[in-house]
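Everything on this sheet refers to the single structure shown next.
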Amino acid sequence: MKVFALTGAGVSAESGLGTFRSVDGLWSRFDPMRLATPEGFAADPAAVHEFYNLRRRNMAAAAPNAAHFALTELETRLEARGGELFLCTQNIDDLHERAGSRRVWHMHGEIARALCLHCGTRRDWRGDLAVELACPRCGRAGGLRPDVVWFGEVPYGMEEIEAALEAADRFVAIGTSGSVYPAAGFVARAGDLGIPTMEVNLEPSDVAGLFGESLYGPATETVPALVARLLG
Ligand code: BV8
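For the sequence shown, the residue numbers in this note's numbering are 137 to 368.
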């Protein structure tokens with residue numbers, strides 16, 4: 137069986153990382169158009185670096201939770217049966233990897249990587265970023281940014297994601313509000329392909345009506361239950 141799992145901030149919520157659209161969420165306290173767009177970075181790179189430096193430190197201090205570990209077990213057990221888990225995450229944290237997931241598709245990039253706008257180099261970067269830092273590759277300062285996909289930028293790996301959707305036997309969305317595209321459109325694509333779909337979330341998302349099934353509750357309870365059900 138091939139499972140396509142799309143995860144969002146809700147899968148990391150119980151690890152203590154903030155979500156975006158909850159009442160006290162990130163976008164209620166910080167303006168995404170000022171801090172998560174290329175224009176915002178060009179206008180005030182120091183403010184953007186401060187925003188991501190805080191989140192990168194929070195991520196380093198956080199630990200994976202039972203939902204992350206359950207998805208690692210699903211990956212291992214499906215592969216043992218000749219199946220596959222395509223784990224596509226909107227999250228920029230590394231909690232799936234730290235829980236042992238081996239193939240994680242970060243369609244919105246990774247906060248622990250940096251991109252140099254001068255030379256295009258991408259590399260792991262776990263410390264703070266700052267305007268005055270020079271790129272280790274080209275030596276120029278002022279061009280390092282978090283290697284994440286901002287609003288108005290093209291998500292990573294859309295061709296591979298489409299191929300994985302077409303090959304999937306199941307589509308599951310976990311911990312996402314279904315409010316940002318193209319990720320929020322994946323369930324509609326799965327429906328067009330005739331793939332059974334399930335929403336696993338704390339509450340109905342913006343696209344809840346497009347799912348064939350749903351399982352509501354905290355991810356640390358619902359995701360292990362989902363995995364047990366998928367593995368029969
Ligand atoms: C694109 C990375 C073209 C950075 C993010 C006008 C101008 C420009 C663009 C647009 C426009 N109108 C529309 C667009 C497109 C735009 C968009 O969708 N805008 C929205 C606002 C309408 N999209 C883009 O710009 C994208 N690019 O369109 O390029 C293109 C497209 C296709 C092909 C070629 C070209 C790029 C968008 C990426 C932005 N980057 N993140 C960073 O992290 O700082 S977005 C960010 O928010 C996430 O990555 C995620 O994608 C999105 C939603 O977040 P969620 O993960 O869903 O989190 P949220 O808080 O919203 O929800 C959490 C859920 O968990 C809730 O439902 C909650 O109930 C649940 N939950 C909470 N606790 C728990 C729980 N569930 C279980 N257990 C719990 N304990």
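Glycine included, each C-beta is placed from N, C-alpha and C at the ideal position. Fair warning: this is a prediction, and the values are worked out from it, not measured in the lab.
Of the listed residues Leu251, Ala172, Phe287, Met294, nearest to Cys274 (C-alpha basis)
Leu251
In three-state terms, what does DSSP make of Tyr188?
In this structure, DSSP gives Tyr188 a helical state, which the three-state scheme calls helix.
Where Phe307 and Asn201 are concerned, what is the direct C-alpha to C-alpha distance, given to the nearest angstrom?
22 Å
Would you call Gly348 buried or exposed, if buried means 16 or more other Cβ atoms sit within 10 Å of its Cβ?
exposed
For Ile310, write down the residues that DSSP places opposite it in a beta bridge.
Secondary-structure assignment with DSSP links Ile310 through a beta bridge to Thr143, Val336.
Could you please give the first and the last residue of the uninterrupted alpha helix (DSSP H) stretch that includes Trp163?
162-165
Considering only heavy atoms of the ligand BV8, does any lie closer than 7 Å to the CB of Val290?
yes
According to DSSP, simplified to helix, strand and coil, what is Ile297?
helix
Using only the alpha-carbon positions, how far apart do Glu296 and Pro282 sit?
Each residue's alpha carbon lies about 23 Å from the other.
Helix, strand or coil: which one does DSSP assign to Gly236?
Correct three-state label for Gly236: coil.
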